[in-house]
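One structure below.
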């Protein structure tokens, strides 16, 4: 028995923005690190394949589903300490932006409309409108599922590149991240004007609807094919 909180034959189409995908044998949304560790351990004991997801904004599930356990990181704690904000991996980008605004902190405005969660953003160096995760990340807590050891990694440890990090090539799971922002230096009217401009730009370039964000990397001089 995996857990009484796990669902059986859960349609994965319920957990990605494109709304496609067959059933997972078992599905569980975890609210804490202890719950995550317990599920991973149980899956190991039962020799059950395990797959982790966040917000499902950059994934396509097969119509055949998944023969094993799918774990959704759904941790939601956010705290502020001066100009730093720490958020759990399951916090969405929109939730983080709202929290920062409520605490009069700038620095996330360019991310308005960016899909996904903090865990995915840290792992893939997500960003838009000229702001990448690497530009504001201070540190993150990650779990090694093989050893069940939790470590703190600083920005430089992640070896960030455009939409890349060392985490994308490992089994490590992002649990939490801390970002450095800056106090608001605009009047409420000026701030609203800036936010409205960003929202309009996002709407004009990426109209709302089912979206998995960008499908391809932008090309560069070093990599003109964008691979």
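Numbering (the numbering used here), first residue to last: 18 to 244. Quick reminder that beta carbons are idealized off the backbone N, C-alpha and C, glycines included.
Collapsed DSSP secondary structure at residue i in the structure displayed
| i | result |
| --- | --- |
| residue 205 | helix |
| residue 184 | helix |
| residue 121 | coil |
| residue 57 | helix |
| residue 65 | coil |
| residue 213 | helix |
| residue 116 | helix |
| residue 143 | coil |
| residue 80 | coil |
| residue 24 | strand |
| residue 176 | coil |
DSSP beta-bridge partners of residue i
| i | result |
| --- | --- |
| residue 98 | 101 |
| residue 109 | 134 |
| residue 167 | 160 |
| residue 194 | 104 and 157 |
| residue 47 | 90 |
| residue 129 | Its beta-bridge partners do not exist; DSSP assigns none. |
| residue 199 | 123 |
| residue 37 | None; residue 37 has no bridge partner. |
| residue 29 | For residue 29, which the question treats as bridged, DSSP gives no partner whatsoever. |
Cβ-Cβ distance between residue i and residue j below 7 angstroms
| i | j | result |
| --- | --- | --- |
| residue 182 | residue 146 | no |
| residue 73 | residue 90 | no |
| residue 168 | residue 155 | no |
| residue 124 | residue 198 | yes |
| residue 44 | residue 24 | yes |
| residue 106 | residue 47 | no |
| residue 135 | residue 108 | yes |
| residue 127 | residue 148 | yes |
| residue 189 | residue 152 | no |
| residue 78 | residue 29 | yes |
| residue 56 | residue 88 | yes |
Outcome for residue i when other beta-carbon atoms lying within 10 angstroms are tallied against a minimum of 16
| i | result |
| --- | --- |
| residue 253 | Residue 253 cannot be examined here, being either before or after the span of the chain that is shown, 18 to 244. |
| residue 195 | buried |
| residue 171 | exposed |
| residue 132 | buried |
| residue 163 | exposed |
| residue 32 | buried |
| residue 27 | buried |
| residue 140 | buried |
| residue 157 | buried |
Cβ contact check for the segment 80 to 87 and the segment 100 to 112: 3 or more pairs under 8 angstroms: Because the criterion of three Cβ pairs below 8 angstroms is not met, the segment 80 to 87 and the segment 100 to 112 do not touch.
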